[in-house]
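A short worksheet on the structure shown next.
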């Protein structure tokens, strides 16, 4: 076997270029097609993204309402605590 023939044979085995390679190329292409099909099946559609966006907007709206309610509660507690402490301070000031 000449060096040129051996070189061509080695390239053929490494790259799967020969027709008589036992169907290796076809198996590899089938595996690639299967992998691509899995990737494509996992893509999101515009409708999926729009649905997620609507869910997020709804949840952020509820979060805003909850935060406003908590803020209102905190202001009331702060005001009540301030008034109570002022009353205690004035009462203590009377007795001194």
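Residue numbers (my numbering): 23 to 118.
Even for Gly, the Cβ is constructed at its ideal location relative to N, Cα and C.
Could you compute how far the alpha carbon of residue i sits from the alpha carbon of residue j?
i           : j           : result
residue 70  : residue 76  : 10 Å
residue 110 : residue 79  : 46 Å
residue 96  : residue 118 : 33 Å
residue 52  : residue 45  : 11 Å
residue 72  : residue 59  : 24 Å
residue 55  : residue 48  : 10 Å
residue 88  : residue 74  : 21 Å
residue 99  : residue 66  : 47 Å
Identify, in the order they occur along the chain, each residue of the same chain with its Cβ nearer than 7 Å to the Cβ of residue i, setting aside the five sequence neighbours on each side.
i           : result
residue 106 : none
Could you name the residues of the same chain whose beta carbon sits closer than 6 Å to that of residue i, not counting the 5 residues immediately before and after it, in chain order?
i          : result
residue 68 : none
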